[in-house]
Amino acid sequence: GAVVSQHPSWVICKSGTSVKIECRSLDFQATTMFWYRQFPKQSLMLMATSNEGSKATYEQGVEKDKFLINHASLTLSTLTVTSAHPEDSSFYICSARDGTGGEQYFGPGTRLTVT
Amino acid sequence: GENVEQHPSTLSVQEGDSAVIKCTYSDSASNYFPWYKQELGKRPQLIIDIRSNVGEKKDQRIAVTLNKTAKHFSLHITETQPEDSAVYFCAAKLGLAGGTSYGKLTFGQGTILTVHP
Numbered sequence: 452g453a454v455v456s457q458h459p460s461w462v463i464c465k466s467g468t469s470v471k472i473e474c475r476s477l478d479f480q481a482t483t484m485f486w487y488r489q490f491p492k493q494s495l496m497l498m499a500t501s502n503e504g505s506k507a508t509y510e511q512g513v514e515k516d517k518f519l520i521n522h523a524s525l526t527l528s529t530l531t532v533t534s535a536h537p538e539d540s541s542f543y544i545c546s547a548r549d550g551t552g553g554e555q556y557f558g559p560g561t562r563l564t565v566t
Numbered sequence: 005g006e007n008v009e010q011h012p013s014t015l016s017v018q019e020g021d022s023a024v025i026k027c028t029y030s031d032s033a034s035n036y037f038p039w040y041k042q043e044l045g046k047r048p049q050l051i052i053d054i055r056s057n058v059g060e061k062k063d064q065r066i067a068v069t070l071n072k073t074a075k076h077f078s079l080h081i082t083e084t085q086p087e088d089s090a091v092y093f094c095a096a097k098l099g100l101a102g103g104t105s106y107g108k109l110t111f112g113q114g115t116i117l118t119v120h121p
């Protein structure tokens, strides 16, 4: 089946620094990738949708200048949390979808802790 | 946009009993309804899905039903086992009629299922 990886699996950073999270589709080309955030005991909330070679579409309430998304190739999307604060601490999960518009395949998630 | 409501938020059953989780959605442009199982700290795993042109789908102990008119769909787990304990999420995906939101997946709030041995 389709495999999506994320790196790192967990990261601890200091307040005010930036963190980059990578999402890769390993065995298929992902024309669209999605970034979700999940706080403890809550559901997955879509942050943004990125299509290869174009600007990401952000959900209402998500600051595009704080959460920078780059989808430079059909197998890689990155999310950079800039000037991270403790309230950004969360579980960030990406998913990838191939061009057929079907199932989304989820990455294993990245646990971000901002101290 | 799409709104998905999921109930109950917690569900506790005895091993061998059945469990039912219900979801409603708001946007008639949604045409794909997956169910995910998520264990603590891990990614959501697709366990079953149903498309809007089908009313029911079954896979061993798991079944999903869809009522398009009422805009609700349900997950049924029979003969529950302790390893079924996890958080379950329903979701709805917008089809082409969703315009610029095509393909967007909206999740329900989740149900914590506990199966007691």
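From first to last, the protein sequence lines stand for chains A and B. Residues 452 to 566 (this note's numbering) make up the first sequence, in order. Residues 5 to 121 (this note's numbering) make up the second sequence, in order. Glycine is no exception: its CB is placed at the ideal position from the N, C-alpha and C atoms.
Here Ala507/A has Ala499, Ser501 and Ile520 as same chain residues with Cβ atoms under 6 Å from its own Cβ, once five neighbours each way along the sequence are excluded.
At least one CB atom of chain B sits nearer than 8 Å to the CB of Thr483/A.
Counting only residues of its own chain and dropping the five nearest sequence neighbours on each side, Ser528/A has a CB closer than 6 Å to the CB of Cys474, Met484, Ser501 and His522.
In the DSSP assignment, Gln10/B forms a beta bridge with Cys27/B. Arg47/B: not part of any beta strand (DSSP E); DSSP gives it neither H nor E. Looking at the backbone, the Cα of Val470/A and that of Thr531/A are separated by about 5 Å. At a cut-off of 8 Å between beta carbons, Arg548/A contacts chain B. Proximity of Arg47/B to chain A, defined by a Cβ-Cβ separation below 8 Å, is satisfied. With three or more CB-CB distances shorter than 8 Å, the stretch 487 to 495 of chain A counts as touching the stretch 543 to 550 of chain A. Around Phe479/A, the same chain offers Ala453 and Asp549 as residues with beta carbons nearer than 7 Å, after the five sequence neighbours per side are excluded.
At a cut-off of 8 Å, the C-beta of Ile472/A has no neighbouring C-beta in chain B.
Under the 10 Å beta carbon count, Val565/A is surrounded by 16 or more other beta carbons and is classified as buried. For Ser105/B, same chain residues with a beta-carbon under 6 Å away, outside a window of 5 residues either side, are Leu98 in chain order.
Look at Glu87/B here: in three-state DSSP terms it is helix.
Arg55/B counts as exposed, since fewer than 16 other C-beta atoms from the protein chains shown sit within 10 angstroms of its C-beta.
Distance check between Ser89/B and each of Gly5/B, His11/B, Leu15/B and Glu9/B places Leu15/B closest, using alpha-carbon atoms only. Sequence-distant partners of Thr468/A (beyond 5 residues in either direction) whose C-beta falls short of 7 Å from its own C-beta, in its chain, are Ala535. Not a single C-beta of chain B is nearer than 8 Å to the C-beta of Ser505/A. Ile51/B and Val8/B have their C-alpha atoms spaced approximately 18 Å apart. A buried status is given to Pro48/B, since no fewer than 16 other beta-carbon atoms sit within 10 Å of its beta-carbon.
Setting aside the 5 residues that flank it on each side, Cys94/B is surrounded in the same chain by Gln10, Cys27, Trp39 and Gly112, each with a C-beta closer than 6 Å to its C-beta; the list follows chain order. Residue pairing for Met484/A: DSSP places it in a beta bridge opposite Ser501/A and Ala547/A.
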